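> Numbering (the working numbering), first residue to last: 17 to 759.
1. In its own chain, which residues sit with a C-beta less than 7 Å from the C-beta of residue 37, not counting the 5 before and 5 after it?
2. Are the beta-carbon atoms of residue 231 and residue 203 separated by less than 7 Å?
3. Considering Cα atoms alone, identify which of 633, 450 and 43 is closest to residue 429.
4. Give me, in chain order, the residues of the same chain whose beta-carbon lies closer than 6 Å to that of residue 752; leave out the 5 immediate sequence neighbours on both sides.
5. May I ask you to list the residues that DSSP assigns as paired with residue 292?
6. Please determine, among 728, 709, 732 and 675, the residue with the shortest C-alpha to C-alpha distance to residue 747.
7. Can you find the residues in the same chain that come closer than 8 Å, C-beta to C-beta, to residue 727, ignoring five residues on each side of it along the sequence?
8. Among the residues of its own chain, which have a CB less than 7 Å from the CB of residue 412, if the five just before and after it don't count?
9. For residue 169, report the span of its alpha helix (DSSP H) as first-last.
10. In three-state DSSP terms, what is residue 98?
11. In angstroms, rounded to a whole number, what distance separates the CA positions of residue 722 and residue 612?
12. Classify residue 455 as buried or exposed, calling it buried when 16 or more other Cβ atoms lie within 10 Å of its own Cβ.
13. In chain order, what residues of the same chain lie with their CB nearer than 7 Å to the CB of residue 508, ignoring the 5 residues before and after it?
14. Is it the case that the region 46 to 55 contacts the region 78 to 96, given that we only count it when at least three CB pairs across the two stretches are under 8 Å?
15. Which same chain residues, not among the five before or five after residue 482, have their C-beta less than 7 Å away from its C-beta?
16. Suppose you measure from the CA of residue 797 to the CA of residue 407; what does that come to, to the nearest Å?
17. Name the residue from 168, 81 and 320 whose alpha carbon lies nearest to the alpha carbon of residue 113.
18. For residue 678, which residues of its own chain have a beta-carbon under 6 Å away from its beta-carbon, when the five flanking residues on both sides are left out?
19. Taking all protein chains shown into account, decide if residue 163 is buried (16 or more other Cβ within 10 angstroms of its Cβ) or exposed.
20. Assuming residue 141 and residue 111 form a contact by the criterion Cβ under 8 Å, report the distance between their Cβ atoms to the nearest whole angstrom.
21. From residue 448 to residue 510, what distance separates their C-alpha atoms?
22. If residue 233 sits next to residue 213, beta carbons under 8 Å apart, how far is it from one beta carbon to the other, in whole angstroms?
23. Is residue 477 helix, strand or coil when you go by DSSP?
24. Reducing DSSP to helix, strand and coil, say where residue 773 ends up.
25. Residues in its own chain within less than 8 Å of residue 373 by CB, not counting five upstream and five downstream?
26. To the nearest angstrom, how far is the alpha carbon of residue 295 from that of residue 72?
27. Does residue 403 come out as helix, strand or coil in the three-state DSSP assignment?
28. To the nearest angstrom, report how far apart residue 42 and residue 118 are at their CA atoms.
29. Look at the alpha carbon of residue 207 and the alpha carbon of residue 328, and state the distance between them as a whole number of angstroms.
30. Please classify residue 227: does DSSP put it in a helix, a strand, or coil?
31. Out of 255, 698 and 480, state which residue places its alpha-carbon closest to the alpha-carbon of residue 286.
32. Could you check which residue in 414, 174, 310 and 634 has the C-alpha nearest to that of residue 609?
33. Terminal residues of the continuous alpha helix (DSSP H) containing residue 43?
34. I need the straight-line Cα distance from residue 200 to residue 187, nearest angstrom please.
35. Of all the options 698, 681 and 640, which has the alpha carbon lying nearest to the alpha carbon of residue 730?
36. I need the boundaries of the beta strand (DSSP E) containing residue 688, first residue and last residue.
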């Protein structure tokens, strides 16, 4: 602000000298509705010697406003406040609002002090009474008005510049990012209306820009930045780069040639400043001034100050970046060496072998985790540094004085160290002793530790725990002795092996028989069942033919035919079921409903009690309804046979026998348990052991496949079957089914 005021004072002192030297044509717009007053003013203007005026007269405000809009170079408006289409203060404000940059002198024929004060305070340059007007006073007022308006505009511009400079300095203090600082500086230089546009270019070398930013160019700024970044420099930039002056001023009359950006700069002065600090040239700052605004020495100084401050900021940023990079390099180097040490440490610590390094005095410099834990019983890998084997050996022995074999390493290690150091050659040793009361054997390799100049600076060693290998060697020796003993008893071993082979042979023969049986059953089942069907049909025909005339003997034989046909059919069905089976139709559900239905439908023999105890808390399982029905029926019918046979053989009248068959269900691990128990004849151990063998039976009539089919179906369901029987006491068959078949 002070710089602006000093400029105003300086110009006021020179005003009188410049009044009579004015060579520019002064364009004046006279807005006056009185023809006489207008003619008088024209005559007064024409009487002035040496002055050049271009006076345009209109008699209405509206006409004057149109003229002001159309003509951009009016220097002064002589305004009468009383016009046909406007009067008073509003007339003045209409003109001032339209062209605030044009000086206005108010003419009036009335003495009205309040209006005079009001228009002068509002920005009028002078207030003249037509009654007291002459050519000299009019000329003086017109020239003073023009100069004062220019001074006011200049002061406003410099104040805007000072404000922009202040904003830039604030940005320099707080902004740490280079590109952001450059962009915000451009915005600060135009946002206070100090300049029309500004751009900053940061050089990566003397000619190539690394960054170009700008503000105030509208849509052209990105195109401009792109051109400059690509090396397509306009003439003004080439000139600024070629010269060494801190400031290059380009007036509006410059020749822009074929510059792609010249339309944005037409009729505007420009200034390009070199942004540098000491000997470092950072780039260029370009300023585009408003039309009719020129740059003077004071403003040049301000702009050079701004460019210098930007240079200092960029210099400080460069220093900070160098410091940051140096710090990062140092940290990276430290990190690299730490990582290298860490990797060496991890590599050694992850090995089961013992690794260590000693100095020439026999003190530890390094030890891996295995060495510290197993050999020294150190609390960590740092405790051993600067200590010797005997330091740890003495400590361990003192901690267990009652056990002389608690730690016996120490002297042995020291002795082999001296042997290596003296010979300066690598050596292998086998060292053994006690650690924490346990016996160990180590295979040790020790070697001199040489530096890069081949000076011996200590010794490096590694040891492998071969205790287990030694123990295995001992076991191998003992095994050899045992083998020698086995050779002496080879005949016994051969007999045992022969017995195993014979058992396997029997099993193989049995399987082959079953295979042949399956093939035979499949082949002849059709041939057997067809005759059976004919016999059954013929018997049925005879029974119907004879009708009610059949006698008891004939009926008995017909029934026997039907029973025997059914028995044969059952035998064929059992053989087919066992040898071929059928596809499972699996459901996921509860087993109890099936058990209840089977027990309800099955025919219970006279005097036999059938009871059930079915648990209500059974899990659901996967099972084939028909196959499980077959299993339960087979087991219950077998039980019925056993209790019926025992009842028939019972001869103790004093203690009556009550046949009983019991079916229970309960929860098992991850499944269910079904038990069928009877108090029938039971079986001896040999019979019970062969109960599930195919074709094995003790019944007079039977195929020997019933229990074999039961076992096969249960195993198809992923379950197991167990038989527990005692002769003349009864039998219990237990089925355990977990998941059951799923497909």
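Backbone N, C-alpha and C fix where the C-beta goes; we use that ideal spot for every residue, glycine too. Because the structure is a prediction, the values reported are computed rather than measured.
On the basis of the data shown:
1. With a pLDDT of 47 at residue 37, under the threshold of 50, the modelled position of this residue cannot be trusted; read the value that follows with caution. Excluding its 5 nearest sequence neighbours in each direction, residue 37 has no C-beta neighbour in its own chain below 7 Å.
2. The beta carbons of residue 231 and residue 203 sit closer together than 7 Å.
3. It is 450 whose Cα lies nearest to the Cα of residue 429.
4. In chain order, 684, 689, 735 and 736 place their CB closer than 6 Å to the CB of residue 752, counting only its own chain and leaving out the 5 sequence neighbours on each side.
5. Per the DSSP secondary-structure output, residue 292 pairs in a beta bridge with 297.
6. Looking from the CA of residue 747, the closest CA among 728, 709, 732 and 675 belongs to 675.
7. If we look at residue 727 and ignore the five residues flanking it on each side, its Cβ neighbours are 708 and 737.
8. Close CB contacts of residue 412 within its chain, under the 7 Å cut and outside five residues either way in sequence, are with 393, 422 and 423 (chain order).
9. Annotation: the continuous alpha helix (DSSP H) that includes residue 169 extends over 151 to 190.
10. Strand, per DSSP.
11. Whole-angstrom Cα-Cα distance: 21 Å.
12. By the beta-carbon neighbour count (other beta carbons within 10 angstroms, threshold 16), residue 455 is exposed.
13. Cβ within range, chain order: n/a, list empty.
14. Judged by Cβ distances under 8 Å, the region 78 to 96 makes contact with the region 46 to 55, as three or more pairs qualify.
15. The residues 457, 458 and 459, in chain order, have a CB closer than 7 Å to that of residue 482 in the same chain once the five nearest residues on each side in sequence are set aside.
16. This structure cannot speak to residue 797, because the chain is shown only from 17 to 759.
17. Closest by alpha carbon: 81.
18. By the criterion of a C-beta distance shorter than 6 Å, residue 678 is surrounded in its chain by 627 and 693, once the five residues flanking it on both sides are discounted.
19. Looking at its Cβ environment, which holds 16 or more other Cβ atoms inside 10 Å, residue 163 is buried.
20. Residue 141 to residue 111, Cβ: 12 Å. No contact.
21. If I take the Cα positions, the gap works out to 44 Å.
22. Sure, about 5 Å apart at Cβ, within 8 Å.
23. If DSSP states are grouped into helix, strand and coil, residue 477 belongs with the strands.
24. With the chain running from 17 to 759 in the structure shown, residue 773 is simply not present.
25. Around residue 373, the same chain offers 380, 381, 382, 383, 465, 474, 475, 476 and 477 as residues with beta carbons nearer than 8 Å, after the five sequence neighbours per side are excluded.
26. Separation of residue 295 and residue 72 (C-alpha to C-alpha, rounded to the nearest whole angstrom) is 57 Å.
27. Coil, per DSSP.
28. The straight-line gap from Cα to Cα measures roughly 12 Å.
29. Residue 207 and residue 328 have their alpha carbons spaced roughly 23 Å apart.
30. Three-state result, residue 227: strand.
31. When only C-alpha atoms are compared, the closest one is 255.
32. Ranked by Cα distance from residue 609, the options 414, 174, 310 and 634 are led by 634.
33. Under the DSSP assignment, residue 43 falls outside any alpha helix (DSSP H), being part of the beta strand (DSSP E) whose first and last residues are 42 to 47.
34. Answer to the nearest angstrom: the Cα atoms are 7 Å apart.
35. Answer by Cα proximity: 640.
36. Note, residue 688: beta strand (DSSP E), 687 to 694.
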